[in-house]
Amino acid sequence: MPDISINFAGIKSPNPFWLASAPPTNSGYQVMKAFDAGWGGAVWKTLGVPVVNVSSRYGAINYRDTRIAGLNNIELITDRPLADNLKEIEEVKKYFPDHAVIASLMVETKAEWHQIIKDVENAGADGIELNFGCPHGMCERGMGSAVGQEPEVLKTIVEWVMEVAKIPVITKLSPNISHIVDPGLAAAKGGTNAISLINTIKSIVGIDLDSFAPYPIVDGKGTNGGYCGPAVKPIALEMVKELTKHPEIKDIPISGIGGIESWRDVVEFILLGAGSVQVCTAVMHYGFGIVREMEAGLLQFMQEKGFETIYDFKGKALPNVTEWKHLNLKHKVVAKIDESKCVGCELCYIACDDGAHQAIALSTENGSRVPKIIDENCVGCNLCSLVCPVEDCITMEKRDDGTQHVTWDERTAAGDIPTTFDDDRAGGKHHFVPTVQDALKHRS
Ligand SMILES: Cc1cc2nc3c(=O)[nH]c(=O)nc-3n(C[C@H](O)[C@H](O)[C@H](O)COP(=O)(O)O)c2cc1C
Ligand code: SF4
Ligand code: SF4
2 MPDISINFAG
12 IKSPNPFWLA
22 SAPPTNSGYQ
32 VMKAFDAGWG
42 GAVWKTLGVP
52 VVNVSSRYGA
62 INYRDTRIAG
72 LNNIELITDR
82 PLADNLKEIE
92 EVKKYFPDHA
102 VIASLMVETK
112 AEWHQIIKDV
122 ENAGADGIEL
132 NFGCPHGMCE
142 RGMGSAVGQE
152 PEVLKTIVEW
162 VMEVAKIPVI
172 TKLSPNISHI
182 VDPGLAAAKG
192 GTNAISLINT
202 IKSIVGIDLD
212 SFAPYPIVDG
222 KGTNGGYCGP
232 AVKPIALEMV
242 KELTKHPEIK
252 DIPISGIGGI
262 ESWRDVVEFI
272 LLGAGSVQVC
282 TAVMHYGFGI
292 VREMEAGLLQ
302 FMQEKGFETI
312 YDFKGKALPN
322 VTEWKHLNLK
332 HKVVAKIDES
342 KCVGCELCYI
352 ACDDGAHQAI
362 ALSTENGSRV
372 PKIIDENCVG
382 CNLCSLVCPV
392 EDCITMEKRD
402 DGTQHVTWDE
412 RTAAGDIPTT
422 FDDDRAGGKH
432 HFVPTVQDAL
442 KHRS
């Protein structure tokens, strides 16, 4: 049986599955229930100064049949008294000494930071997470993303924390910044022991068409909130990769957060270099029980691939993540339709003809609705295979023989790049375009 325990910046956990700081970690009751269900760690709902929350608080993107493809919230940090939270942290550690309890913190002044760090250390927390993320409410008071968006301020606060912290410190970054490396480097320079990301993305999920107010509506008005859930996973993966590939950050443990719902999501974050993962929305949607599928799936994946520990595959995708200029321009794929699987919906034809490269023709054979790929027009963009509703009905076939490899970078170095559009080396020069008459079928 593979070993899925982790040591994350000195914080030990029986598995890499942690709850993110959010409503599911609002109380000792919830954290103990989660540990009992199989979660290895929990980042407590952010502790700090007294706040007042509004009602309602959440909005969602329901995409077609999927409820909560994305979740938006305008909630603040915990509104429960600090003393209650500290007592419950202590209690959780008594019942679960081998699980990871991390206290998420957000205060303002140096004195407040020093005091609250002492408080959570005394309560027995295994680590501290600095919340520099909330894109609503707290930032208006100079905290949360107001810090996460200002690398110099972030570095100063990390330094204040590192002056006194005796337990590992994780700096949680805001994605509401154009270049995530800037706060990542600031956290590293401030001396953080680890980094976690992403917090929520500043967003408006929709407008009510009767009251003309954004969701969630608070007495006829709304505000921007923080977006999370499955919709944000690609953004989170990219930002994790930016840090795990950066020479000055790559040795700092990274906790991956954003849209994680299944074992596969967990594996993807670890393959990009995350050393633990954190989950919020999926637990708010389905409850703590989802960890059972995560654990079973992770174990099966590791067994199938022959990995004995998490560290055997942590970061294993990173050598394959490169810049566009290093991709092989000689690689060529073309779409292929498996006629035995095709249900004749013609979605591929519509997508390619209207939205891509006019490389699919409707069948001219009597009775057949299986479209035909026009190989010479197909640029191998994948669109048809993405829209086809039948699994593996359209696959991409390799057409180059694998002997040639040349990149844009190499061609630039060799002076072998097109400089005018009629240069034979220009990519789109021989692109097929149908006639104007073909576009105007509905005109008489
Ligand atoms: C309702 C709600 C409240 C949250 N509160 C906090 C918080 O107090 N502190 C914090 O660091 N992050 C907070 N988050 C952000 C989550 O910890 C997490 O970073 C984000 O939701 C992305 O993960 P997910 O896609 O799994 O939800 C909150 C998220 C939600 C949805
Ligand atoms: S891969 Fe792209 S260009 Fe080729 S047939 Fe499909 S949609 Fe058209
Ligand atoms: S989208 Fe798929 S199933 Fe539909 S016609 Fe094209 S190949 Fe056939």
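Using our numbering, the letters of the sequence shown map in sequence onto residues 2 to 445.
Note that CB positions come from ideal geometry on N, CA and C, so glycine has one too.
Since the model is a prediction, treat every value here as computed from it, not as a measurement.
Tell me which same chain residues have a C-beta within less than 8 Å of the C-beta of residue i, skipping the five on either side of it?
| i | result |
| --- | --- |
| residue 391 | 342, 343, 344 |
| residue 435 | 359 |
Please state if the CB of residue j and the CB of residue i are separated by a distance shorter than 7 Å.
| i | j | result |
| --- | --- | --- |
| residue 264 | residue 238 | no |
| residue 130 | residue 167 | no |
| residue 375 | residue 362 | yes |
| residue 426 | residue 419 | yes |
| residue 221 | residue 214 | yes |
| residue 71 | residue 230 | yes |
| residue 446 | residue 286 | Lying before the first or after the last residue shown, residue 446 is absent from the chain, which here runs from 2 to 445. |
| residue 74 | residue 259 | no |
| residue 482 | residue 125 | The question about residue 482 has no answer here: the residues shown for the chain are numbered 2 through 445. |
| residue 171 | residue 146 | no |
According to DSSP, is residue i part of a helix, a strand, or is it coil?
| i | result |
| --- | --- |
| residue 342 | coil |
| residue 430 | coil |
| residue 172 | strand |
| residue 133 | coil |
| residue 68 | strand |
| residue 438 | helix |
| residue 413 | helix |
| residue 120 | helix |
| residue 229 | strand |
| residue 354 | helix |
| residue 364 | coil |
| residue 88 | helix |
Go through its chain and collect everything with a Cβ distance to residue i's Cβ below 7 Å, but skip five positions before and after it.
| i | result |
| --- | --- |
| residue 111 | 161 |
| residue 269 | 238 |
| residue 275 | 241, 255, 256, 257 |
| residue 47 | 22, 78, 79, 105, 106, 107, 132 |
| residue 150 | 175, 177, 178 |
| residue 386 | 336, 395, 396, 397 |
| residue 31 | 25 |
| residue 144 | 107, 109 |
Let me know if residue i comes out buried or exposed under the rule of 16 or more other beta-carbons within 10 Å of its beta-carbon.
| i | result |
| --- | --- |
| residue 446 | No answer is possible for residue 446: it lies beyond the span of the chain, which begins at 2 and ends at 445. |
| residue 291 | buried |
| residue 66 | exposed |
| residue 10 | buried |
| residue 321 | exposed |
| residue 152 | buried |
| residue 266 | buried |
| residue 17 | buried |
| residue 96 | exposed |
| residue 127 | buried |
| residue 89 | buried |
| residue 443 | exposed |
| residue 26 | buried |
| residue 2 | exposed |
| residue 433 | exposed |
| residue 310 | exposed |
| residue 15 | buried |
| residue 217 | buried |
| residue 54 | exposed |
Looking only at its own chain, which residues have a Cβ that is under 6 Å from the Cβ of residue i, when we skip the five neighbours before and after it?
| i | result |
| --- | --- |
| residue 247 | 182 |
| residue 353 | 360, 361, 385 |
| residue 29 | 89, 92, 93 |
Query - Inter-stretch contact (C-beta, 8 Å, three-pair minimum) for the stretch 267-282 and the stretch 15-24 - result: yes
Query raised in the report: Looking at C-beta atoms only, is the number of pairs between the stretch 199-211 and the stretch 136-152 that lie closer than 8 Å three or more?
Result: yes
Query raised in the report: Does the pairing of the stretch 328-335 with the stretch 394-411 give three or more beta-carbon distances under 8 Å?
Result: yes
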